[in-house]
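Undergrad: Before we start, here is the structure in question, set down as structure tokens.
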Amino acid sequence: MFLKDNRQTWDKLTEIVENYLEENKDHKTPVVRYEPATKLKSLLNLNLDENGVAEDLLLEEIKKYLKYSVRTTHPQFNNQLNGGFNFEALLAEIISFISNTSMATYEIAPVATLIERKLIEELNKKIGYHDGGGIMLTGGSNANMLAIHCARNTHLADVKFRGNQGKDLCIFVSEEAHYSFKKAVMLMGIGLDNLILVKANKDGKMQAEDLENKIIAVKEAGRTPIMIASTCGTTVKGAFDPIEENQKIAEKYDLWHHIDGAWGGAALFSKKIRDYLGEAHKADSFTFDAHKLLGTGLITSFLLTKREGVIKAANSGGGSEYLFHHYENADFDTGTASLQCGRKVDSLKFWLSWKAWGHRGISEFVDEQLDKMHYFANYIKEHPRLKLIAEPEYLNVCFQVIPPSSSFEINQFNVDLRFRMVKDGRFLVNYSSDEDGTIYFRHVFCNNVTQKRDLKYFLDELVKLAE
5 MFLKDNRQTW DKLTEIVENY LEENKDHKTP VVRYEPATKL KSLLNLNLDE
55 NGVAEDLLLE EIKKYLKYSV RTTHPQFNNQ LNGGFNFEAL LAEIISFISN
105 TSMATYEIAP VATLIERKLI EELNKKIGYH DGGGIMLTGG SNANMLAIHC
155 ARNTHLADVK FRGNQGKDLC IFVSEEAHYS FKKAVMLMGI GLDNLILVKA
205 NKDGKMQAED LENKIIAVKE AGRTPIMIAS TCGTTVKGAF DPIEENQKIA
255 EKYDLWHHID GAWGGAALFS KKIRDYLGEA HKADSFTFDA HKLLGTGLIT
305 SFLLTKREGV IKAANSGGGS EYLFHHYENA DFDTGTASLQ CGRKVDSLKF
355 WLSWKAWGHR GISEFVDEQL DKMHYFANYI KEHPRLKLIA EPEYLNVCFQ
405 VIPPSSSFEI NQFNVDLRFR MVKDGRFLVN YSSDEDGTIY FRHVFCNNVT
455 QKRDLKYFLD ELVKLAE
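Counting in our numbering, the sequence shown runs from 5 upward without gaps.
Take a look at the structure:
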């Protein structure tokens with residue numbers, strides 16, 4: 005049955021949420037209550053019956069959902085490139101759902117359209133795009149794919165009608181680049197063989213010399229290079245590719261230069277590391293995820309372009325019969341530049357956050373995360389049972405726990421320790437590996453509720469867990 009007393013239910017739900025957030029402040033509250041899938045299924049009532057359930061049963065299911073879900077708002081959640089709690093974003097999600105509109109046209113989403121435009125304008129200013137464009141999408145992966153789409157449309161003017169025309173179109177990315185580029189070339193018919201992986205150095209940065217050598221080799225083989233994708237803030241080590249060098253190579257060979265700044269793009273707001281992005285304003289496009297470091301909640305993603313109109317040129321087609329009409333505000337319609345029809349109002353989360361914090365507040369937040377990262381890395385360096393894998397450049401710290409005796413193989417020891425940590429439940433931090441087989445913890449800094457005392461507690465308890 006449908007709930008009749010919405011106010012009473014809302015009050016009860018508010019109490020549940022407040023208790024949930026308050027519990028996060030207690031170290032005894034686990035980040036995850038790990039259960040195997042078969043057991044968890046038996047603990048939940050997943051059935052959808054002929055008749056609906058009463059309010060009290062529905063609220064119990066909500067409590068169970070929260071109980072067995074990972075607490076990404078907990079100070080000891082540092083597993084993915086998102087986490088923490090943003091109250092402004094919560095307010096925005098409520099308002100967005102209540103108004104429940106689509107971003108297709110100004111007519112149906114007048115305020116949201118203007119907000120998205122303003123965010124794109126401000127982000128383009130941060131990059132240095134003076135005549136730029138952009139659009140919000142369903143994630144950084146989608147933004148990277150759309151960047152390839154724009155690059156292809158620019159290099160092959162009639163690709164919309166004739167496809168790739170039998171050409172081997174080649175995209176160049178670092179071997180440390182996000183896997184979304186592999187998904188994109190598979191989906192777009194470019195193919196994995198035409199995604200050219202460029203060597204990275206020990207710090208995870210793309211090697212410009214290898215990039216140019218591979219472009220030359222591709223051209224000599226009769227294939228068609230169209231795009232270089234530099235990463236600013238790699239997923240594992242947080243490395244920033246050499247933007248200036250890659251840009252010069254892109255200009256030399258007339259290639260589209262894309263920057264995947266989904267993670268590292270927050271450096272745009274920082275006083276300390278803005279220079280990491282170098283001459284980003286010369287690149288053709290830029291991916292940015294506000295839901296990562298800035299914590300605006302999944303999903304808050306942008307593709308930003310140096311030139312206005314390139315996204316619309318690549319995506320336009322269809323919908324004019326019933327959706328996109330000629331009227332006084334038609335120029336504000338965003339749907340003609342989107343691959344989606346219906347599009348959620350994700351802009352409100354970021355706009356309300358930026359409005360509340362201001363430019364200065366965001367800048368200070370980014371720099372605070374850098375300060376916590378340095379504290380964490382230094383603590384590891386000074387601890388006899390911890391080993392720093394690489395000097396961190398950004399907000400990723402990779403480290404190993406040294407086994408209590410030489411009888412343990414260090415890589416397998418750290419894998420086993422990580423799964424012990426998951427079952428312990430108090431912390432959640434991911435792990436990764438290098439090509440040489442080195443396995444290590446990867447701790448990321450994007451959780452606004454994590455404090456230095458939480459970081460020390462985590463490392464001390466992890467070493468105890470390793471005994």
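The beta-carbon is built from N, C-alpha and C at its ideal position, and this holds for glycine as well.
Report back the beta-carbon spacing between A108 and G339 to the nearest angstrom; my notes put them in contact at under 8 angstroms.
TA: As a position in the sequence shown, residue 108 is number 104, starting the count at 1. As a position in the sequence shown, residue 339 is number 335, starting the count at 1. About 4 angstroms; that satisfies the 8 angstroms criterion.
Undergrad: Extract the residue ranges of the alpha helix (DSSP H) inside the region 192-264, only unbroken runs of 4 or more that lie entirely within it.
TA: With a minimum length of 4 residues, the continuous alpha helix (DSSP H) runs that stay inside the region 192-264 are 212-224, 247-256.
Undergrad: Please go through the same chain and pick out, in chain order, the residues whose beta-carbon is closer than 7 angstroms to the beta-carbon of I303, but skip the five residues on each side of it.
TA: Here residue 303 refers to the residue found at position 299 when the sequence shown is read from its first residue. Here the set comprises T142, G143, H295, D350.
Undergrad: For a test of the three-state rule: what should DSSP assign to M149, helix, strand or coil?
TA: Position 145 of the sequence shown holds residue 149. In this structure, M149 counts as helix in the three-state DSSP scheme.
Undergrad: Please state whether DSSP places R156 in a helix, a strand or coil.
TA: As a first step, residue 156 is located in the sequence shown; it is residue number 152 there, counting from the start. In this structure, R156 counts as helix in the three-state DSSP scheme.
Undergrad: I think I175 touches N198, with their Cβ atoms under 8 angstroms apart; what is that distance to the nearest whole Å?
TA: Counting from one through the sequence shown, the residue named residue 175 turns up at place 171. Counting from one through the sequence shown, the residue named residue 198 turns up at place 194. Indeed they touch by this definition, with Cβ atoms about 7 angstroms apart.
Undergrad: Which residue's Cα is closest to the Cα of D264: G301, P407, N168, F306?
TA: One-based indexing of the sequence shown puts residue 264 at position 260. It is F306.
Undergrad: By how many angstroms is the C-alpha of L63 removed from the C-alpha of S73?
TA: Sequence index remark: in the sequence shown, residue 73 carries index 69 (1-based). Sequence index remark: in the sequence shown, residue 63 carries index 59 (1-based). Going by the C-alpha atoms only, they are around 15 angstroms apart.
Undergrad: Check for me: the beta strand (DSSP E) holding K391 runs from which residue to which?
TA: On the sequence shown, residue 391 is found 387 positions in, with the first residue counted as 1. Unbroken beta strand (DSSP E) run through K391: 390-392.
Undergrad: In three-state DSSP terms, what is D293?
TA: Sequence index remark: in the sequence shown, residue 293 carries index 289 (1-based). Strand at D293.
Undergrad: Pairing CB atoms from the region 133-141 with CB atoms from the region 265-283, are three or more of them under 8 angstroms?
TA: In short, these stretches do not touch, since the Cβ pair count stays below three.
Undergrad: Could you please give the first and the last residue of the uninterrupted alpha helix (DSSP H) stretch that includes F449?
TA: Start at 1 with the first residue of the sequence shown, and residue 449 comes out as number 445. Counting along the chain, F449 falls outside any alpha helix (DSSP H), and DSSP gives it neither H nor E.
Undergrad: What did DSSP end up calling M5 once you bin it into helix, strand or coil?
TA: In the sequence shown, the residue the question calls residue 5 occupies position 1. Low confidence applies here, because M5 scores a pLDDT of 49, under 50, leaving its location unreliable; read the following figure in that light. Coil at M5, not helix or strand.
Undergrad: With a Cβ-Cβ cutoff of 8 angstroms, do Y461 and L308 count as a contact?
TA: For the purposes of this step, residue 461 is taken as the residue at position 457 of the sequence shown. For the purposes of this step, residue 308 is taken as the residue at position 304 of the sequence shown. Result no, Cβ atoms of Y461 and L308 do not sit closer than 8 angstroms.
Undergrad: So what's K16 in DSSP terms, helix, strand or just coil?
TA: As a working mapping, residue 16 is identified with position 12 in the sequence shown. Looking at K16 - three-state DSSP - the assignment turns out to be helix.
Undergrad: Over the uninterrupted alpha helix (DSSP H) stretch that includes N382, give me the two end residues.
TA: The residue given as residue 382 occupies position 378 in the sequence shown. Counting along the chain, the alpha helix (DSSP H) containing N382 begins and ends at 351-386.
Undergrad: Between which two residues does the beta strand (DSSP E) containing L308 stretch?
TA: The residue labelled residue 308 in the question sits at position 304 within the sequence shown. Per DSSP, L308 belongs to the beta strand (DSSP E) from 305-309.
Undergrad: Determine the extent of the beta strand (DSSP E) in which Q404 is found, giving its start and end residues.
TA: As a first step, residue 404 must be located in the sequence shown, where it is residue number 400. Start and end: 400-405.
Undergrad: Can you tell me which of the three DSSP states F412 falls into?
TA: Here the question's residue 412 lines up with position 408 in the sequence shown. Three-state DSSP puts F412 in coil, outside helix and strand.
Undergrad: Please classify G321 as buried or exposed, where buried requires at least 16 neighbouring CB atoms within 10 angstroms.
TA: Against the sequence shown, residue 321 aligns to sequence position 317. Burial call: exposed.
Undergrad: Could you pull the start and end residues of the beta strand (DSSP E) that Y69 belongs to?
TA: In the sequence shown, residue 69 corresponds to position 65, counting from 1. That residue, Y69, is in no beta strand (DSSP E); its alpha helix (DSSP H) goes 59-72.
Undergrad: If L463 sits next to F292, beta carbons under 8 angstroms apart, how far is it from one beta carbon to the other, in whole angstroms?
TA: Within the sequence shown, numbered from 1, the residue matching residue 463 stands at position 459. Within the sequence shown, numbered from 1, the residue matching residue 292 stands at position 288. Actually they do not touch by this definition, with Cβ atoms about 31 angstroms apart.
Undergrad: Does DSSP put G269 in a helix, in a strand, or in coil?
TA: Position 265 of the sequence shown, counted from the first residue, corresponds to residue 269. Here G269 sits in helix by DSSP.
Undergrad: Thinking S357 and E92 are a contact (beta carbons under 8 angstroms), I'd like their distance in whole angstroms, please.
TA: Stepping through the sequence shown from its first residue, residue 357 is reached at position 353. Stepping through the sequence shown from its first residue, residue 92 is reached at position 88. So it is a contact: roughly 4 angstroms between Cβ atoms.
Undergrad: In the DSSP assignment, the beta strand (DSSP E) including F101 goes from what residue to what residue?
TA: What you label residue 101 is simply residue 97 of the sequence shown in a count that begins at 1. Counting along the chain, F101 falls outside any beta strand (DSSP E), though it belongs to the alpha helix (DSSP H) covering 91-103.
Undergrad: Does I277 come out as helix, strand or coil in the three-state DSSP assignment?
TA: Position 273 of the sequence shown, counted from the first residue, corresponds to residue 277. Three-state result, I277: coil.
Undergrad: Between the Cα of F290 and the Cα atoms of A271, Y444, Y379, which residue gives the shortest distance?
TA: By 1-based counting over the sequence shown, the position of residue 290 is 286. Checking every option, the nearest Cα to that of F290 belongs to A271.
Undergrad: Considering only DSSP beta bridges, list what S184 is partnered with.
TA: Position 180 of the sequence shown, counted from the first residue, corresponds to residue 184. According to DSSP, S184 bridges with nothing at all.
Undergrad: Pick from A317, M190, K241, I232: whose alpha carbon is nearest that of G286?
TA: Residue numbering aside, residue 286 sits at position 282 when the sequence shown is read from its first letter. The question names Gly, yet the displayed sequence has Lys at residue 286. Selected option, being the one with the closest Cα: I232.
Undergrad: Could you have a look at L50 and say whether DSSP puts it in helix, strand or coil?
TA: The count along the sequence shown starts at 1 and reaches residue 50 at position 46. Coil at L50, not helix or strand.
Undergrad: In its own chain, which residues sit with a C-beta less than 7 angstroms from the C-beta of S437, not counting the 5 before and 5 after it?
TA: One-based indexing of the sequence shown puts residue 437 at position 433. Hits under 7 angstroms: I443.
Undergrad: Looking only at its own chain, which residues have a Cβ that is under 6 angstroms from the Cβ of F449, when we skip the five neighbours before and after it?
TA: Mapped onto the sequence shown, residue 449 falls at position 445. Contacts found: Q373, K376, M377, L399.
Undergrad: With a threshold of 16 other CB atoms inside 10 Å of the CB of C345, please say whether the residue is buried or exposed.
TA: By one-based count along the sequence shown, residue 345 stands at place 341. Exposed, since its Cβ has fewer than 16 Cβ neighbours within 10 Å.
Undergrad: According to the neighbour-count rule (16 or more other Cβ atoms, all chains shown, within 10 Å of its Cβ), is R457 buried or exposed?
TA: On the sequence shown, position 453 is the one that residue 457 refers to. Exposed, because fewer than 16 other Cβ atoms sit within 10 Å of the Cβ of R457.
Undergrad: Taking C-beta to C-beta, are Y110 and F354 nearer than 8 angstroms?
TA: On the sequence shown, residue 110 is found 106 positions in, with the first residue counted as 1. On the sequence shown, residue 354 is found 350 positions in, with the first residue counted as 1. Contact: no.
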